[in-house]
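Student: In this note's numbering, the protein residues as written are 2 to 465. All C-beta atoms, glycine included, are put in the ideal place defined by N, C-alpha and C.
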């Protein structure tokens, strides 16, 4: 969400108004009009998650989206839920590098590419999902699916689309701005990349200085919507100019579409009863960080450890999706913190396995783990695999590498996806089926007013 323009945000109802106005403007001028989405469409908001995407499907159909591509979070509720969502939307869904593991063929419910004809132009579109998908979801959620190389997929479908005599090539990507720039700078020949994943909003489109590929990306959670005007040379059918605009969907500036607002209200009544009731109070804002001990990380892991009365709690910083505000706290805040719908999983692990897990957490490939019941000292200047220097229990006792400890973590880490297979080596693994958001809420009710501080649980001596 745009940090410079906080709520009130109009979201779907305001977006519907903006889209309708732009479509009417294009029609009146005889211009073409394409409505696109590059993924992460319904997980992360209560209305999207608890409706299993059906509320978002109504929004897509009402607004008339043309072409859509999934992001990594669209699989957070599993393949079956996303497949049902796709079937509910009257748009073309792309999955150019999303394939079945056995055959490496694009999965059957998505299209490898599409060609749209408007105002005398043939526009070819393909998509890219992050090739790091294995580290961002669990094997169960992404069953029998795999993701092929971003660069190789881009090259292959550029060749395919050129062979189909298209005039322009657009890519819908869920790979993040840094990877978008890498694809653009390869000289591949994409005209426009409509990106997502990192939610790195571009107030103005980025243009690669060599390939002249245009990159657009908006903020997340439908707090803004991007608009790109392209001027096309009639003779060459190439882009002669462009103008980009990032519009913040502020409710005070954009009127709600009344039909869409009624749809939103209906789904909110179904999915969000009690979300805005105050359940506790925080004396300060509890803030998330990626590579340091965080106050909200301490809250979450303390809540997990207390709830299950175990020795150790470990939670990945990347799974913390929002801060806890100062002042009154509602269940909605707890939901936003755990918007990925993780459950708590109990595992028995040896001290050696816990040590090795913490080593993985500081390898620099991702944000670090937040911990409770432990204190860790490490040096990120050391080679990967030898960065953790010391791990002690809360009372200062060194962790016993041979002893077995009771541990609670989240369902993402417990599934052992990506680099986290160490968690699958534990014994007596048991999913509690308690959502972390509910555990956080119970802890807040019990301990309000909430205060958490940086306690020296995680010390990187390289920063001393």
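Could you tell me the distance, in whole angstroms, from the CA atom of residue 5 to the CA atom of residue 46?
Tutor: Summary for residue 5: the model assigns pLDDT 40, below 50, so the residue's position carries little reliability; its value from the coordinates is reported in the next sentence. Between residue 5 and residue 46, the C-alpha separation is close to 21 Å.
Student: Please list, in chain order, all residues of the same chain as residue 329 whose beta carbon is under 7 Å from its beta carbon, the five residues on each side excluded.
Tutor: Taken in chain order, the residues that qualify are 279 and 282.
Student: Suppose the cutoff is 7 Å on Cβ atoms and the five residues either side in sequence are ignored; what does the same chain contact list for residue 92 look like?
Tutor: So the qualifying residues of the chain are 61, 66, 67, 68 and 69.
Student: Tell whether a beta-carbon distance below 8 Å holds between residue 73 and residue 180.
Tutor: Taking 8 Å as the Cβ cut-off, residue 73 and residue 180 do not qualify as a contacting pair.
Student: Near residue 443, what residues of its chain come up, given a Cβ to Cβ distance below 8 Å and the 5 sequence neighbours on each side ignored?
Tutor: So the list reads 304 and 308, once near-sequence residues are dropped.
Student: Confirm, please, whether the CB-CB distance from residue 184 to residue 125 is below 8 Å.
Tutor: No, these two residues do not count as a Cβ contact at 8 Å.
Student: What number of angstroms, rounded off, separates the C-alpha of residue 344 from the C-alpha of residue 359?
Tutor: Spanning the two alpha carbons is a distance of roughly 20 Å.
Student: Roughly how many angstroms separate the alpha carbons of residue 252 and residue 16, rounded to a whole number?
Tutor: Taking the straight line joining both Cα atoms gives about 10 Å.
Student: Should residue 297 be listed as close to the ligand HEM, given that the test is whether its C-beta is under 7 Å from any heavy atom?
Tutor: By its list of ligands, the structure shown contains no ligand whatsoever, and the ligand HEM lies outside what it can speak to.
Student: Residues in the same chain with beta-carbon distance under 8 Å from residue 327, minus the five sequence neighbours each way, listed in chain order, please.
Tutor: Same-chain partners within the cutoff: 283, 284, 285 and 286.
Student: Could you check which residue in 71, 335 and 370 has the C-alpha nearest to that of residue 129?
Tutor: Checked all of 71, 335 and 370; the closest Cα to residue 129 is 71.
Student: What are the residues that DSSP puts in a beta bridge with residue 331?
Tutor: 279, per the DSSP bridge assignment.
Student: Is the beta carbon of residue 462 closer than 8 Å to that of residue 378?
Tutor: Yes, the pair counts as a contact, with Cβ atoms nearer than the cut-off.
Student: Please classify residue 429 as buried or exposed, where buried requires at least 16 neighbouring CB atoms within 10 angstroms.
Tutor: The residue in question, residue 429, is exposed, as its Cβ has fewer than 16 Cβ neighbours within 10 Å.
Student: Can we say the segment 383 to 391 touches the segment 99 to 119, given the rule of at least three CB pairs closer than 8 Å?
Tutor: Because the criterion of three Cβ pairs below 8 Å is not met, the segment 383 to 391 and the segment 99 to 119 do not touch.
Student: Between residue 357 and residue 148, what straight-line distance do the alpha-carbon atoms span, to the nearest angstrom?
Tutor: So the two alpha carbons sit approximately 28 Å from each other.
Student: Using DSSP with H/G/I as helix, E/B as strand and the rest coil, what is residue 446?
Tutor: Here residue 446 sits in helix by DSSP.
Student: Can you tell me whether residue 461 is helix, strand or coil according to DSSP?
Tutor: Strand at residue 461.
Student: Which word fits residue 105, buried or exposed, when buried means at least 16 other C-beta atoms lie within 10 angstroms of its C-beta?
Tutor: Per the 10 Å Cβ criterion, exposed.
Student: What distance in whole Å lies between the Cβ atoms of residue 170 and residue 192, which are believed to be in contact at a cut-off of 8 Å?
Tutor: So it is a contact: roughly 5 Å between Cβ atoms.
Student: What number of angstroms, rounded off, separates the C-alpha of residue 450 from the C-alpha of residue 340?
Tutor: Looking at the two C-alpha atoms, the distance is approximately 23 Å.
Student: Using DSSP's beta-bridge definition, name the partner residues of residue 410.
Tutor: Its beta-bridge partners are 346.
Student: How many angstroms separate the CA atom of residue 420 from the CA atom of residue 372?
Tutor: Going from the Cα of residue 420 to the Cα of residue 372 covers about 18 Å.
Student: For residue 27, collect the residues of the same chain with a Cβ closer than 8 Å to its Cβ; drop the 5 residues on either side in sequence, then sort them by chain order.
Tutor: 33 and 34.
Student: Could you check how far apart the C-beta atoms of residue 39 and residue 175 are, in whole angstroms? I think they sit under 8 Å.
Tutor: Residue 39 to residue 175, Cβ: 6 Å. Contact.
Student: With DSSP run on the structure shown, which of helix, strand or coil describes residue 246?
Tutor: Note: residue 246 maps to strand in three-state DSSP.
Student: According to DSSP, what are the bridge partners of residue 1?
Tutor: Here the chain comprises residues numbered 2 to 465, so residue 1 is not present and cannot be evaluated.
Student: Could you check whether the segment 406 to 416 touches the segment 134 to 144, counting it as contact only if at least three pairs of C-beta atoms, one from each stretch, sit closer than 8 Å?
Tutor: Taking 8 Å as the limit for Cβ pairs, the verdict is that the segment 134 to 144 does touch the segment 406 to 416.
Student: Suppose the cutoff is 7 Å on Cβ atoms and the five residues either side in sequence are ignored; what does the same chain contact list for residue 18 look like?
Tutor: So the list reads 255, 256, 257 and 258, once near-sequence residues are dropped.
Student: Please classify residue 404: is it buried, with 16 or more other beta-carbons within 10 angstroms of its beta-carbon, or exposed?
Tutor: Exposed, by the Cβ-count rule.
Student: Is residue 14 buried or exposed, if buried means 16 or more other CB atoms sit within 10 Å of its CB?
Tutor: Burial call: buried.
Student: Could you check whether residue 402 and residue 351 sit closer than 8 Å to each other, using their CB atoms as the reference points?
Tutor: Taking 8 Å as the Cβ cut-off, residue 351 and residue 402 qualify as a contacting pair.
Student: Apply the 10 Å Cβ neighbour rule to residue 206 and answer buried if 16 or more other Cβ atoms are within range, or exposed otherwise.
Tutor: Classification for residue 206: buried.
Student: From this set, 248, 233 and 249, which residue's C-alpha is nearest residue 242's C-alpha?
Tutor: Minimum Cα distance to residue 242 is reached at 233.
Student: Between residue 433 and residue 90, what straight-line distance do the alpha-carbon atoms span, to the nearest angstrom?
Tutor: When rounded, the distance between both Cα atoms is 34 Å.
Student: According to DSSP, is residue 19 part of a helix, a strand, or is it coil?
Tutor: Residue 19: helix per DSSP, three-state reduction.
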